[in-house]
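Notes follow once the structure below has been shown.
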Amino acid sequence: MQSSRPSHETREALWLEQRALRQAIPEVYQSFENLSAEAVDDGALTTKCKSLIALAIAVVQAQDGAVAASSKAAVQAGVTAQEAAEAVAVAIMMHGEPATVSGARAYAAFCEFEAAVIRP
């Protein structure tokens with residue numbers, strides 16, 4: 001992982017780094033955003049379930065950008081902290097010790113994004 005804190009700051013920093021490339025190839029980024037939206041839409045699996053899958057994959061990838069993005073998306077999909085923790089547990093089971101480090105970072109990022117959400 002690039003840093004020890006995949007959170008709001010990570011997402012903002014990555015967005016700034018990507019700005020020039022987004023401007024150079026906007027159609028590629030738009031296509032990727034469309035693909036992402038379609039992939040997580042409710043189907044046989046709910047958006048919530050798909051966001052948990054994405055979170056577990058991000059933990060295995062151990063990339064701050066993926067962890068931050070999937071953590072935020074999981075919160076937006078209504079995932080609870082316990083559900084996020086259990087998704088991390090699956091990643092640890094599948095990937096072993098390295099996932100204990102990235103998993104802890106992912107859970108911390110999830111909790112940070114969850115705390116930022118204003119609940120009714």
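Counting with my numbering, you get residues 1 to 120 for the letters of the sequence shown. Idealized CB from N, CA, C, for every residue including glycine.
Distance from Thr-10 to Ala-58 at the Cβ level is roughly 12 Å; contact not present, criterion being Cβ atoms closer than 8 Å. Judged by pairs of C-beta atoms under 8 Å, the stretch 33-41 does not touch the stretch 86-98, as fewer than three such pairs exist. With contacts defined by Cβ atoms closer than 9 Å, Ala-74 and Ser-102 do not form a contacting pair. In this structure, the CA atom of Ala-13 is about 33 Å from the CA atom of Gly-43. The beta carbon of Glu-83 lies closer than 7 Å to those of Leu-52 in the same chain, with the five residues before and after it left out.
Counting along the chain, the unbroken alpha helix (DSSP H) around Thr-100 starts and ends at 98-116. Cβ neighbours of Gly-65 within its own chain (closer than 6 Å, five residues either side excluded): Leu-14.
For Leu-45, there is no enclosing alpha helix (DSSP H), since its DSSP letter is neither H nor E.
Nearest Cα to Ala-99 within the set Glu-112, Ala-56, Cys-49: Ala-56.
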